[in-house]
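Using the numbering used here, read the sequence shown as starting at 12 and increasing by one per residue.
See structure below.
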Amino acid sequence: MSLFANHPLFIYQGGQVARPEFKYDYLLGQQGIVKRIDNHLVSADHLIVPISGELTGLGLKTYSLSPILLKVPRIPGALLQHVLEDARRNVQEEFMYYYKYDPARQEWLVLRPQQSRSSHSVRFEADMDPWIVVDCHSHNTMRAFWSPTDDDDELDGRFYTVMGRVESPAPQLGVRLGLYGRYWIYDVPAEVLFEDISPFVQVPTVPSHLGHMYPPLGELGDYYFVEQQR
C-alpha cells in the first residue's frame, strides 16, 4: 500500500498551507516528508522522512513544523496518581486504562476496560471512542518502554503512556503521540497532558534507531514545540 493512499501529499513551495481536512496528510518540504495530523483532540506535525541533501527542480522550501496543540484541558494530576495506586495494588500484573474527556460535562473520566492480564502482557478490546485522549498501560516492575505489541496496538491519532517501575518511590512514565499508523512523536513532555506528574519521573523512550531524530528529553530546541490551547 502506498504511504500516501487516500491522503494528499503537498509539495511545499512556501506560504500558508491549510491544516488536514481528514485526520492527516503529508507534505514534502526541503527538509523531507512531514506528516501532519489534525483532529478534535490534538494537532501536530512530524518529520517522518528526513532528507539531508538538497532536492532541486521542485522549488521546495523548508516547512516550519506546527506545534503540538492539545485541544482539551489537561488531565488533573490526581487522576494520574489514582491510576498509579490501582496499578500498585496489582503490582504483579500489567494493567490498561483510558483517560476519556467528557465535553458535555467538561470533566475527565478514568476507565479500566475489560481485560485479561498477566505479568508480561495485558489483552483488551480496543475502544475507538473519539473522546478517549490517552491510552495508559502499566509495566508493573519492569521499566517503561514500547514493546512490539504496543506498536501493533497504538495506531490511532491520540496519546499513549506507559508506566514502569510502579512499585518504586519514583515510578517511570513514557509518553508518545500517535500519528495514525506506525508513526509516533516520542517523549512528548508529560506536562502537556497532565497538570502534575508527581511522583513519576518521565524517562526517554525513543527507539535507538530513531535517536538521531530527537533532542535529549527536556531539550526540545527547535525540533518541535509544545503549546496548550487556551
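Just so it is clear, CB atoms sit at the ideal spot from N, CA and C, and this is done for glycine as well.
Source: prediction; values computed, not measured.
Between V121 and Y112, the CB-CB gap reaches or exceeds 8 angstroms. Following the DSSP letters along the chain, one finds L90 inside the alpha helix (DSSP H) bounded by residues 88-100.
Within its own chain, the residues whose Cβ lies closer than 6 angstroms to the Cβ of V186, once the five positions on either side in sequence are excluded, are T172, V199, A201, listed in chain order.
Secondary structure of G222 (DSSP, three-state): helix.
The three-state reading of DSSP puts V83 in coil, since its state is none of H, G, I, E or B.
Non-local beta-carbon contacts of D162 in its own chain, meaning distances under 7 angstroms to residues more than five positions away in sequence, involve R193 in chain order.
Within 10 angstroms of the beta-carbon of S77 lie 16 or more other beta-carbons, which makes it buried. The three-state secondary structure of V203, taken from DSSP, is helix.
Linking T160 to H148 through their CA atoms gives a straight-line distance of about 12 angstroms.
Fully enclosed alpha helix (DSSP H) runs of no fewer than 4 residues occupy 159-164 of the region 151-209, in order along the chain. Contact between the region 87-94 and the region 205-216 is present: three or more C-beta pairs spanning the two stretches fall below 8 angstroms.
Secondary structure at R116: coil, using DSSP grouped into helix, strand and coil. By the beta-carbon neighbour count (other beta carbons within 10 angstroms, threshold 16), N151 is buried.
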